[in-house]
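Written below as structure tokens is the structure these notes are about.
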Amino acid sequence: MAKRITGSTPKLDGYRMPAEFEPQAGIWMLWPERNDNWRDGAKPAQKVFLDVATAILQFEPVTVCVSPAQYQNARERLPREVRVVEMASNDAWIRDCGPTFLVNDNGGVRAVDWTFNAWGGLVDGLYFPWDLDDQVAQKVCEIERVDSYRTEGFVLEGGSIHVDGEGTVLTTEMCLLSEGRNPDMDRGAIERMLCDYLGCEKVLWLRDGIDPEETNGHIDDVACFIRPGEVACIWTDDPQNPFYQPARDAYDMLSQATDAKGRKLKVHKLCLTQQPCLLQGAATIDAVEGTIPREDGEVAIASYMNFLIVNGGVILPQYGDANDALAVQQVQAMFPDRRVVGVQTREVAFGGGNIHCITQQQPAPQHR
């Protein structure tokens, strides 16, 4: 039985969101098929989701959730080792609409089921309706028999937060203070929600993300914790790079920050692409009322930072860019004990995200 927990918070109950670099039980994904977001009937995107799932399988189990219409296609194309479950959704961004899993020190696993409104609801959301996406977290919890906390009316996406598992949460003002999320709450109230529901003590705010149009600047394109007391941050020496200033600002802020345990952060630089990743094939994306239209030549946000840490590995986006190999080298240096696997993911960038956005880790139970 998976029940909804009311009248308490994860923090009060001794639960916390573990860091991504802590042990995992598996990874969840959603299968893409939305013709008004993915080009060419989502077939190129499906190939890349398959590649990402196959890369993760080298390290840990993968579950892919897929609509009834696409179940047979997905089951046929995905490796047999992938668990495929039928699940309706509006699109394929499980990082943002899926559950945020929690652990305690006695082997317990729970989850937070945040309210999801397609990155801004009726203010600046990307599509309508989003009701099926908002049910994904509960469905995943039901399958896993995991009890959950529903934040009814409090909007948050998983891509807007990173934690170190030791009391610190990293996020951006651009996203969490945006008008389409929780406009009736001030910064202090939002901090309290984050700390209560992630089991944290301190929030580190970066000002801006690099994706104002789509996610309102999710943190997972900009910076993340790679181990306690250490973060990775995007960086470029090229003043012409469109993300030059946000990268500098983020690096400067993190270099001066201390975490919840009072440690001064060690900051590792991760390169940006040399060339912007530009959308191609927009004419094959369906024009549908309620969805923002797409045009060739739009800049697709292509950040190497949008990687996924797994047991013994890191799954890293590659874009066919001159800096692909450098990104692999830099990430490998950050994670000497993990194997870095690059996957070509321009197709996912065209849809508005990357590897971290299309995956959601379920932690292994912990005993301390």
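At position 152 of the sequence shown the residue is numbered 181 (the numbering used here), and the sequence of numbers has no breaks.
Virtual Cβ for every residue (Gly too), placed ideally from N, Cα, C.
Across the structure, glutamate 49 and glycine 310 are spaced so that their CA atoms are roughly 34 Å apart. In the structure shown, valine 317 adopts coil according to DSSP, grouped into three states.
In this structure, the beta-carbon distance from valine 260 to valine 296 falls below 8 Å. The three-state reading of DSSP puts isoleucine 219 in helix, counting H, G and I together. Residue pairing of glycine 55 in beta bridges, as defined by DSSP: Gln391.
Alanine 261 sits in a strand when the DSSP states are folded into three classes.
With respect to the C-alpha of proline 158, the residue from Thr320, Gly137, Glu327 having the closest C-alpha is Thr320. Out of Leu79, Val192, Met116, Glu243, the CA that lies nearest to the CA of glutamate 327 is found in Glu243.
When rounded, the separation of the alpha-carbon atoms in threonine 38 and tyrosine 226 is 6 Å. For the set Met46, Val95, Val81, the Cα lying nearest the Cα of glutamate 62 is the one of Val95.
No Cβ-Cβ contact shorter than 8 Å links leucine 199 with glycine 258.
With a threshold of 16 other beta carbon atoms within 10 Å, asparagine 135 falls short and is exposed.
One Cα belongs to leucine 235, the other to methionine 282, and the distance between them is close to 7 Å. Between the alpha carbons of methionine 46 and aspartate 213 lies a distance of about 25 Å. Residue pairing by DSSP puts proline 346 in a beta bridge opposite Val372.
Using a Cβ distance threshold of 8 Å, cysteine 386 and asparagine 352 do not count as a contacting pair. Where leucine 86 is concerned, the enclosing alpha helix (DSSP H) starts and stops at 72-86.
A direct Cα-to-Cα measurement between glycine 382 and serine 207 gives close to 19 Å. Taking C-alpha positions only, threonine 180 is separated from glycine 246 by approximately 21 Å. In this chain, the beta strand (DSSP E) harbouring alanine 252 covers 252-256. Sequence-distant Cβ neighbours of glutamate 230 in its own chain, meaning closer than 8 Å and more than five residues away, are Gly196, Thr197, Cys224, Ala289.
By the neighbour-count criterion, in which 16 or more other beta carbons inside 10 Å mark a residue as buried, leucine 131 falls on the buried side. Here the alpha carbons of isoleucine 123 and phenylalanine 183 stand approximately 18 Å from one another. In this structure, glycine 209 sits near glycine 149, with a CB-CB distance shorter than 8 Å. In this structure, Thr374 is the residue among Phe78, Val360, Thr374, Gly380 with its C-alpha nearest to the C-alpha of glycine 349. Counting along the chain, the unbroken beta strand (DSSP E) around valine 114 starts and ends at 112-115. Of the candidates Leu155, Ile34, Cys170, Val360, the residue whose Cα lies closest to the Cα of arginine 256 is Val360. Excluding sequence positions up to five before and after alanine 103, its CB lies within less than 8 Å of the CB of Trp60, Gln75, Val93, Val95, Val113, all in the same chain and listed in chain order. When DSSP states are grouped into helix, strand and coil, serine 284 belongs to the helix group. In its chain, beyond the 5 residues on either side, Val114 have a beta carbon closer than 7 Å to the beta carbon of isoleucine 172. In this structure, the beta-carbon distance from isoleucine 344 to valine 370 falls below 8 Å. Residue Thr388 holds the alpha-carbon nearest to the alpha-carbon of valine 169 among His396, Val377, Gly217, Thr388.
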